[in-house]
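Enquirer: Going by the numbering used here, the sequence shown opens with residue 7, and the numbers climb by one from there.
Got a structure here, written out as structure tokens. Questions coming.
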Amino acid sequence: MTEVPVFHRPPSGWVGDVIPAQYDGVIHLWYLHDERTVPAPGMPWRLVTTEDFVTFTDHGEQMPSGGAEAEDFNVYTGSVVQGPDGLWHLFSTAQNPLRTDADGRPLQLVAHATSAEPGGPWQKHPELTFGATEGYETGDWRDPFVFHDGSTWRMVLAARHTDGPERRRGTIAQLVSEDLLAWTPVAPLWDPRRFVAHECPDVFQWGDWWYLVYSEFTDTFCTRYRMASSLDEPWTAPDDDVIDTRAFYAAKTVERNGRRFFVGWIATREGATDDGAWQWAGTMAALEAVQRPDGTLAFRLPREFVASFTEPVAAGLPELPLTLAAQDSYRCVVGSTDLPEAFHARAEIDVAPGTATVGLLLRATPDGDQAGIVQLEPRRDRVIFDRWPRTRTGTEQWQISGDVPFEFERPVRLAEGRHTLEVVTDGEIVMVIVDDEVALSTRFYARAGHRIGFFVSDGEASLASLIITRR
């Protein structure tokens, strides 16, 4: 049977930063199109539209590179809004490696284009292009996000102060406008003086709360959010301010019918191996945010996306419920059936008091000795993704790649009792959702096996149900 792709990527190249907007019930997803060719052809924007994050209509290139000599050789991240007169405004970052400032770094500029329709064609307005205002570095003035706060238009940008410790100058600069044409600088929207930069800022109001979303450009490389009761109040960080893992980056948001979606890209790895360095750009992916009563956000897969998996797939496991007890030991059971490359799995797991670890094996060998591991750790209140074993780099047992005990972790409350573990795979992409609240995304390239398994270590747990479906 032919495998049906689950996540969107262009016919060639990869998806970079996504710029989402909603119009007439349709979600428009512009994105930076990375061809990864040498020499680089200049970065354009492409556009796909969707109503369900299942079916995508590809509208091709929307905002082309200006050419080798132009200030917008690279058309980097920005935003798209509709003005009060119905005209659409596209704000982007213009950059050309050949156009540098005195410090030798390429200039980053805010560029402006307009269109009568959200799908173009777009008319560029080079006379409206502007660079960093006083007090900000000219090489970090990017990702303009424009929104209306109820009384005026605001533009926020990833920027850096010209003074202070070199790696702690990051800020979110701010300008205001009455007509979307002339912009006046004001105090930064957020100025923590803590990181290198805060990329792809996004601001929205949801009920009684305002949210600031940004991608931390530092050693952690993840998308985070802040909350405030108004734009004039200080921003506060929830206990878990991270959207997903380092692999799900540059997420920006879009509202549709009262629901809020975060759309980003799951990064590829160099050489298409599990030991390769993480790369810029990858495959488009979306999460749906759920607002808790206290305003903090939980994250799950969009329900339409989950519902698109309709064909049952047998796991080949013994009859459920399946209980494993492993006091001071490890036990696993692996299914007898090879699974497809793309599937959705939803498991209900009952965890006994004091259990250390429990979870699912992905792409496992029949004996379970090689697999990707989605592991719940109740004692530490976290979920991790691991791979076992690591790639061998020599003939001895200790000669394996990696200097950390696991790939990724996310905090999640794991009291004794029942928990839901949801997994989507599409080739090497793995997305995990725990209890419809916490997301963990990664890539897993190894192909040692194709089966699913259930395991327990230092405790007892039951696999109450497991439903696997494909498109």
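Don't be surprised by glycine CBs; every beta carbon is placed ideally from N, CA and C.
Could you check how far apart the C-beta atoms of A164 and I178 are, in whole angstroms? I think they sit under 8 Å.
Expert: 7 Å
Enquirer: In this structure, how does DSSP classify V312 when only helix, strand and coil are distinguished?
Expert: It is helical.
Enquirer: Just to check my reading of the structure: V219 and T259 have Cβ atoms closer than 8 Å, yes? What is that Cβ distance to the nearest angstrom?
Expert: 6 Å
Enquirer: What three-state label does DSSP hand L134 in the structure shown?
Expert: Here L134 sits in helix by DSSP.
Enquirer: Just verifying my parser: in three-state terms, what is the DSSP assignment at E443?
Expert: coil
Enquirer: Comparing C-alpha positions only, which one of T316, H95 and E75 sits nearest to L104?
Expert: E75
Enquirer: Specify the secondary structure class of A27 as computed by DSSP and reduced to three states.
Expert: Reduced to three states, the DSSP call for A27 is strand.
Enquirer: Return the residue from the list M437, M49, D40 and R477 that minimises the CA-CA distance to T251.
Expert: M437
Enquirer: Would DSSP call E276 helix, strand or coil?
Expert: Note: E276 maps to helix in three-state DSSP.
Enquirer: Work out the CA separation of W394 and P194 for me, nearest whole Å.
Expert: 46 Å
Enquirer: At the level of alpha carbons, what is the spacing between D344 and Y451?
Expert: Each residue's Cα considered, the two are about 16 Å apart.
Enquirer: Counting only runs of 3+ residues fully inside the segment 323 to 405, write out the beta strand (DSSP E) ranges in chain order.
Expert: 328 to 340, 348 to 357, 363 to 370, 377 to 383 and 388 to 394
Enquirer: Evaluate the contact criterion for the segment 383 to 392 versus the segment 331 to 346: three or more CB pairs, one atom per stretch, below 8 Å.
Expert: no
Enquirer: So, helix, strand or coil for L237, using DSSP?
Expert: coil
Enquirer: Under 8 Å: do the segment 302 to 309 and the segment 457 to 467 share three or more Cβ pairs, one atom per stretch?
Expert: no
Enquirer: Could you tell me the alpha carbon to alpha carbon distance between F414 and G378, rounded to whole angstroms?
Expert: If I take the Cα positions, the gap works out to 12 Å.
Enquirer: I need the DSSP call for L93, collapsed to helix, strand or coil.
Expert: coil
Enquirer: Evaluate T363 with the Cβ neighbour count: other Cβ atoms within 10 Å of its Cβ, from every protein chain shown; 16 or more gives buried, anything less gives exposed.
Expert: Its Cβ being crowded by 16 or more others within 10 Å, T363 is buried.
Enquirer: How long is the line joining the alpha carbons of R262 and V86, rounded to whole angstroms?
Expert: About 15 Å.
Enquirer: Can you tell me the Cα-Cα spacing of G322 and I272, whole angstroms?
Expert: Rounded to the nearest whole angstrom, the CA to CA distance from G322 to I272 is 30 Å.
Enquirer: Taking only the alpha-carbon atoms, compute the straight-line gap between Q403 and T397 and give it to the nearest angstrom.
Expert: 11 Å
Enquirer: Between the segment 431 to 449 and the segment 234 to 244, do at least 3 Cβ pairs fall closer than 8 Å?
Expert: no
Enquirer: Should T99 be labelled buried (16 or more other beta-carbon atoms within 10 Å of its own) or exposed?
Expert: buried
Enquirer: When the Cα atoms are used, what is the spatial distance from T475 to Q285?
Expert: 30 Å
Enquirer: Considering just the uninterrupted stretch of the beta strand (DSSP E) at H65, what are its terminal residues?
Expert: Per DSSP, the continuous beta strand (DSSP E) segment holding H65 begins and ends at T63 to M69.
Enquirer: Name the two residues that bound the continuous beta strand (DSSP E) containing T259.
Expert: F254 to R262
Enquirer: Could you give the distance in angstroms between the alpha-carbon of D373 and the alpha-carbon of A358?
Expert: 25 Å
Enquirer: How many angstroms separate the CA atom of V152 from the CA atom of E428?
Expert: 35 Å
Enquirer: Going straight from the alpha carbon of C206 to that of I473, what length do you get?
Expert: If you take the alpha carbons of C206 and I473, they lie about 37 Å apart.
Enquirer: Can you name, in chain order, every residue of its own chain whose Cβ lies under 6 Å from the Cβ of L420, other than the five neighbours on each side?
Expert: L382, P384 and D387
Enquirer: Cutting at 7 Å between CB atoms, please list the residues of its own chain near L237, excluding the five before and the five after it.
Expert: D155 and W216
Enquirer: Quick one: give me the first and last residue of the beta strand (DSSP E) that P191 is part of.
Expert: Counting along the chain, the beta strand (DSSP E) containing P191 begins and ends at T190 to W196.
Enquirer: Since M161 is in the beta strand (DSSP E), which residue starts that stretch and which ends it?
Expert: Residues W159 to H167.
Enquirer: Apart from the five residues just before and just after H34, which ones in its own chain have a Cβ nearer than 6 Å to its Cβ?
Expert: A27, T55 and P124
Enquirer: Going by the CB atoms, is the gap between L469 and F460 shorter than 7 Å?
Expert: yes
Enquirer: Could you check whether the segment 138 to 148 touches the segment 104 to 123, counting it as contact only if at least three pairs of C-beta atoms, one from each stretch, sit closer than 8 Å?
Expert: Judged by Cβ distances under 8 Å, the segment 138 to 148 makes contact with the segment 104 to 123, as three or more pairs qualify.
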